[in-house]
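Visitor: What follows is a structure written as structure tokens; I'll ask about it next.
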Amino acid sequence: MSAGDLVVRRPEGLYCPAGDFFIDPWRPVPRAVITHAHADHARRGHGRYLASAQGVGVLRARLGGIDLQTLAWGQGLYTNGVRISLHPAGHVLGAAQVRIEHRGEVWVVSGDYFVSGHDDADPRPTCTPFEPVRCHCFITESTFGLPVYRWRPRAELAAELNVWWAGNAERGRTSLLMGYSFGKAQRLLAAVDPAIGPIAVHAAVEPLNRAYREAGIALPPTRTLESLSADERRRALVVAPPGAQDSAWAAPLADASAAFASGWMQLRGRRRREGLDRGFAISDHADWPGLMRAIAATEASRVIVTHGYEAVMVRWLQLQGLQAGSFATAYGDAAGADA
Amino acid sequence: MREFAALFEALDASTATGDKLLALQGYFAQAPDEDAAWAVYFLSGGKPRQAVPTAVLRAAACVESGLDDWLFEECYQVVGDLAETIAQVLPAPAQRPDGGLAFWVEARILPLRGLAPAEQQRRVIEAWRELDVAGRFLYVKLIGGGFRVGVAKLLVQRALAEAARLPVQRVAERMVGYTDARRPPGAADYRALIVADHAVDGSDRGGQSYPFFLAHALQGEPATVAGDPRDWIVEWKYDGIRAQLVRRGGQTWLWSRGEELITERYPEVSAVAAGWPSGLVLDGELLAWGPDATQPMPFQALQKRIGRKTIGKKLLAEVPVRFLAYDLLELDGHDLRRLTQAERRARLVALGLPGLEVSPVVEPPAELSGAAAWAWLAERRSESRSRGVEGLMLKHRDALYGIGRSKAEGLWWKYKIEPLVADAVLVYAQAGHGRRAGVYTDYTFALWNRAPRDAAEAQAVLDAISRRDPAPRGDPLALQLVPFAKAYSGLTDEEFAVVDREIRRHTLENFGPVRSVLPTLVFELGFEGIAASPRHKSGIAVRFPRMLRIRHDKPLWQADTLDGVRQLAAGSL
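These protein sequence lines map, in sequence, to chains A and B.
Sequential numbering of the first sequence, starting at 1, is according to the numbering used here.
Sequential numbering of the second sequence, starting at 340, is according to the numbering used here.
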């Protein structure tokens with residue numbers, strides 16, 4: 001790290017010395033810029049919060065009454081001579097990249113982001129798509145930073161989901177689709193074809209659906225599991241967070257066909273370990289081609305990797321002629337955080 | 340290939356037998372005979388010899404994907420499966436017309452063998468460009484001989500039997516030797532499996548053996564599980580290679596339990612059998628056993644013969660092998676499997692052929708019955724190690740000779756001795772493969788070179804290890820941990836997850852895929868025997884080590900010593 005770095009790592013989290021604020025800190029600090037509302041990025045206990053206007057609903061749903069200031073996409077805010085602006089990251093509703101400009105130097109902290117490696121526009125987006133921001137230094141996530149992680153086009157994955165659900169419905173078997181309540185669940189709900197049957201969601205998912213709908217995101221109608229008749233249940237898709245199948249709530253789903261939607265499902269070993277009927281490699285994170293595409297689009301000459309296969313990604317970027325390093329952070333966890 | 344890939348995915352994804360059976364039936368209903376012939380071959384464990392060396396496959400994958408070796412290797416370490424790694428890193432395929440399984444195997448895989456590496460690479464890449472991810476995965480698996488799928492052979496037989504409206508036993512019999520690697524299966528072979536019964540002439544069985552009847556492990560005490568001891572024929576359980584010896588038309592065939600033809604590997608056995616009549620099938624055990632020795636050599640000795648196709652005089656003299664018969668399945672060309680165990684045994688003993696050795700029975704004295712007889716047998720069982728056997732076999736007098744693990748027609752119990760046990764310390768770990776990819780499940784365990792005086796002395800060693808400070812060389816009294824065994828089975832998925840976290844937290848160094856860890860965990864290991872081994876630093880090699888449990892209750896300094904385990908060995912050899 002050189003003396004003029006706009007972002008450094010402190011024990012509390014990533015810190016901008018010139019502007020005197022933290023980004024997604026993991027310990028309580030006076031001023032925090034929050035990229036998105038996932039628990040490893042948005043924590044309680046900070047003095048003041050700054051986040052994207054699109055993410056207000058979900059952030060409040062998760063953190064309650066915090067001292068929160070918001071910015072529209074691209075809107076600038078000056079603090080101690082540093083200009084801060086937020087730009088869509090395409091990860092979940094409200095997820096932002098933080099652009100920091102000081103004396104002509106521009107750094108971008110990506111938070112978590114999704115960029116497709118394919119040229120396919122999302123027909124039913126659940127958040128504003130990733131927007132590349134030119135910068136000198138790009139601080140990037142790397143959750144799926146290995147060439148084996150390459151997602152199939154969205155349309156193919158959605159079709160596969162629908163075939164699975166329709167097949168179960170035809171045989172009178174409930175489809176239990178597990179994915180994280182915030183972000184993944186809504187991505188799935190927007191992708192499925194509601195004409196196949198009724199859709200129910202777990203109680204952990206519904207408050208986030210509400211926040212999404214209030215933010216203007218179209219989701220199909222969702223009900224509670226209890227409200228379904230036995231006949232409806234046999235044709236239903238039930239969306240729930242992972243682990244829900246082991247709870248008392250899932251008792252009526254004992255015979256359901258269970259599936260998990262996560263980027264980790266790309267690999268056969270992981271799919272088999274879950275012991276489920278199906279695994280769908282559907283992720284809120286960029287795959288390898290997506291990461292490459294995002295990094296190239298920033299035109300940054302320096303890249304700092306925060307989490308996920310850091311050593312591999314750093315070595316690869318160095319071989320591409322970039323100045324690359326890593327920050328040890330408390331984000332994610334290779335074994336399976338929100339993915 | 341697409342249909343077979345779809346079948347593979349269905350079998351791989353499902354854990355329900357019913358779903359698997361449906362998938363198999365669906366496949367066989369539509370597959371052309373020549374494709375079905377290969378499908379049966381692969382699904383029931385057939386493996387052609389590796390057509391392309393792994394190094395060529397890797398190099399081709401790096402070329403085609405544009406990845407450097409190191410990056411490919413990083414991917415492989417995460418995926419834990421070469422075929423899957425290759426399938427995932429290659430660029431998106433151009434979809435083209437797809438041939439059947441037989442075409443792919445016969446025209447695109449088998450001919451690769453023996454070509455120059457550059458030509459192999461060219462053809463492999465060409466094939467990859469025509470296949471989708473699932474197809475590439477299978478293509479590499481079939482090339483490398485690493486194809487495995489979660490389906491029992493019996494289920495494949497059931498699917499075929501139901502499609503052909505045949506008893507499953509008939510299909511099982513016809514399938515014996517089907518996967519023998521030296522003969523590629525064709526459409527005619529497949530039709531011979533499923534042809535209507537009256538259309539086959541049963542008299543010509545060629546060199547085929549019968550499907551093996553398998554024993555079950557006895558759970559609990561025989562007095563409670565097996566009832567009256569007089570209902571059972573008891574034999575020693577030998578630790579060799581299960582085999583059927585077939586004599587027909589003046590020729591001898593020797594089949595292993597894996598239905599592999601192994602006649603040529605044991606010339607001394609064929610030599611003895613050459614004088615025996617045709618129309619004879621014996622079931623028994625191949626053992627490394629010298630002519631004058633009172634008991635067989637340990638299994639480790641026999642291992643020198645397994646897999647050797649050409650055997651020198653020296654090896655023949657060092658590790659002579661004999662066939663010990665314990666069942667008679669065919670005599671004068673008649674199938675005797677419908678006779679009871681007692682009748683088959685009586686006829687076996689009455690054979691009196693020159694050089695035929697029959698496994699002895701272990702019979703309690705006539706005056707003992709019930710619990711007293713079981714107690715007498717338990718005592719014999721406790722002598723197993725000193726006799727070089729694994730325990731006892733209990734075979735019900737009324738048992739017919741069934742197929743595989745079915746219990747419907749009779750029962751054989753394995754009444755094995757308790758394993759030898761030692762408490763050892765986990766020192767290295769490596770991620771597993773397949774469904775354990777990415778989880779640290781393969782461990783190396785160490786023992787103390789001598790007993791630590793106390794907890795503090797052991798702690799000093801651990802401190803030195805965490806400072807990467809090796810034990811002083813040449814001082815035999817300096818306390819240290821000596822690796823002695825590797826094990827990767829015996830824990831539940833939950834326990835593996837706990838150990839995996841512990842390993843990640845305490846990793847000291849990475850040596851390629853292997854992590855050295857700061858010793859924190861003691862495990863109770865079980866194993867079947869101990870042999871001296873100059874190749875190992877510890878000087879010993881243990882047979883079939885596995886984890887019995889994690890000893891969270893046992894402090895590290897109280898783990899066992901090398902000497903302690905050698906003393907177990909003294910009792911076992």
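Positions of the beta carbon are idealized from the N, C-alpha and C atoms, including for glycine.
#1: Among the residues of its own chain, which have a CB less than 8 Å from the CB of S805/B, if the five just before and after it don't count?
#2: Note down, in chain order, each residue of its chain lying with its Cβ closer than 8 Å to the Cβ of D540/B, except the 5 sequence neighbours on either side.
#3: Can you find a C-beta in chain A that's less than 9 Å from the C-beta of A399/B?
#4: Less than 9 Å between CB atoms is the rule here; does L146/A satisfy it with respect to chain B?
#5: Spell out whether any CB of chain B is found under 9 Å from the CB atom of L161/A.
#6: Would DSSP call I869/B helix, strand or coil?
#7: Please return the same chain residues whose Cβ sits closer than 7 Å to the Cβ of R270/A, not counting the five positions on each side in sequence.
#8: Rounded to the nearest angstrom, how far is the Cβ of R10/A from that of C137/A, given a contact under 8 Å?
#9: Taking only three categories from DSSP, how would you classify N849/B?
#10: For the region 277-299 of chain A, enumerate the residues whose C-beta is nearer than 7 Å to any C-beta of chain B, in chain order.
#11: Which chain B residues are close to R273/A, counting only those with a beta carbon under 9 Å from its beta carbon?
#12: Does F343/B come out as helix, strand or coil in the three-state DSSP assignment?
#13: For A89/A, count neighbouring C-beta atoms within 10 Å of its own C-beta (all shown protein chains included) and say buried if the count is 16 or more, exposed if not.
#14: Inspect the CB distances between the region 581-595 of chain B and the region 541-561 of chain B and report whether three or more fall short of 8 Å.
#15: Name, please, each residue of chain B whose Cβ falls closer than 8 Å to the Cβ of W316/A.
#16: Sorted by chain position, which residues of the same chain lie with C-beta nearer than 6 Å to A511/B's C-beta, five sequence neighbours on each side aside?
#17: Out of curiosity, what's the CA-to-CA distance linking H307/A and Q318/A?
#18: On a CA-only basis, which of L895/B, N849/B, W787/B, V837/B is nearest R905/B? Give me that one, please.
#19: At a CB-CB cut-off below 9 Å, which residues of chain B make contact with L50/A?
#20: Per DSSP, which residues does W107/A bridge with? Please list them.
#21: Against chain A, does T393/B count as a neighbour if the rule is that its beta carbon must be under 9 Å from one of theirs?
#22: Would you verify that the beta carbon of Y331/A is, or is not, closer than 9 Å to some beta carbon of chain B?
#23: Does S404/B come within less than 9 Å of chain A when only Cβ atoms are used?
#24: Of the residues that make up the region 341-353 of chain B, which ones have a beta carbon closer than 8 Å to any beta carbon in chain A?
#25: To the nearest whole angstrom, what separates the beta carbons of D372/B and R530/B, a pair I think is in contact under 8 Å?
#26: What distance in whole Å lies between the Cβ atoms of A37/A and G94/A, which are believed to be in contact at a cut-off of 8 Å?
#27: By DSSP's criteria, G279/A is part of a beta bridge. Which residues make up the other side?
#28: So what does DSSP say about S877/B, is it helix, strand or coil?
#29: So which residues on chain A does V418/B lean against when the C-beta distance must stay under 9 Å?
#30: If the cut is a Cβ gap below 8 Å, which residues of chain B does V312/A touch?
#31: State yes or no: is the beta carbon of Y212/A nearer than 9 Å to at least one beta carbon in chain B?
#32: Rounded to the nearest angstrom, what separates A717/B and F280/A at their Cα positions?
#33: By the 10 Å Cβ neighbour count, where 16 or more other Cβ atoms means buried, how is N849/B classified, buried or exposed?
#34: Based on DSSP bridge pairs, tell me the residues matched to A582/B.
#35: Quick one: measure Cβ to Cβ for W752/B and A562/B, integer angstroms, because I've assumed they're closer than 8 Å.
#36: If you follow the alpha helix (DSSP H) that D570/B is part of, which residue opens it and which one closes it?
Guide: In terms of the structure at hand:
#1: When the five nearest sequence neighbours on each side are left out, the beta carbons in the same chain lying within less than 8 Å of the beta carbon of S805/B are those of L847, L857, in order along the chain.
#2: The predicted position of D540/B is uncertain, since its pLDDT is 48 and thus under 50; a value taken from the coordinates is nonetheless stated next. Nothing meets the Cβ criterion.
#3: No, no contact with chain A.
#4: Cβ-Cβ to chain B under 9 Å: yes for L146/A.
#5: No, its Cβ sits nowhere closer than 9 Å to a Cβ of chain B.
#6: Shown here, I869/B sits in a strand according to DSSP, grouped into three states.
#7: Around R270/A: W264.
#8: About 17 Å; that fails the 8 Å criterion.
#9: DSSP places N849/B in the strand class (E or B) of the three-state scheme.
#10: Per Cβ criterion, the list reads D277, R278.
#11: Per Cβ cutoff of 9 Å: R774, R775, A776, G777, V778, D832.
#12: Of the three classes helix, strand and coil, the one that applies to F343/B here is helix, per DSSP.
#13: By the neighbour-count criterion, in which 16 or more other beta carbons inside 10 Å mark a residue as buried, A89/A falls on the buried side.
#14: Touching, yes.
#15: By Cβ distance, chain B contributes L410.
#16: Setting aside the 5 residues that flank it on each side, A511/B is surrounded in the same chain by Q496, P550, I742, each with a C-beta closer than 6 Å to its C-beta; the list follows chain order.
#17: So the alpha carbons of these two residues sit roughly 17 Å apart.
#18: For the residues L895/B, N849/B, W787/B, V837/B, the minimum Cα distance to R905/B belongs to W787/B.
#19: Neighbours of L50/A on chain B: none; closest Cβ ~35 Å, over 9 Å.
#20: DSSP, once it has assigned bridges, lists I100/A, C137/A as partnering W107/A.
#21: It does not: the Cβ of T393/B has no partner Cβ on chain A nearer than 9 Å.
#22: Taking Cβ atoms only, chain B never reaches closer than 9 Å to Y331/A, which makes this a no.
#23: At least one C-beta of chain A is nearer than 9 Å to the C-beta of S404/B.
#24: Result list: D351, A352, S353.
#25: Going by Cβ atoms, the distance from D372/B to R530/B rounds to 6 Å, so yes, they are a contact pair.
#26: Sure, about 7 Å apart at Cβ, within 8 Å.
#27: DSSP lists F260/A as partners of G279/A.
#28: Looking at S877/B - three-state DSSP - the assignment turns out to be coil, as it is neither helix nor strand.
#29: What V418/B touches in chain A: L146, V148, L267, R268, G269.
#30: Near V312/A (Cβ distances below 8 Å), the residues of chain B are L410, E413.
#31: For Y212/A, the nearest beta carbon of chain B is not closer than 9 Å to its own beta carbon.
#32: Approximately 53 Å between the Cα atoms of the pair.
#33: Counting Cβ neighbours within 10 Å, N849/B comes out exposed, since fewer than 16 surround it.
#34: Per the DSSP secondary-structure output, A582/B pairs in a beta bridge with S595/B, G623/B.
#35: Between A562/B and W752/B the Cβ distance is about 13 Å, and since that is not below 8 Å, they are no contact.
#36: Note, D570/B: premise wrong, no alpha helix (DSSP H); not H, not E.
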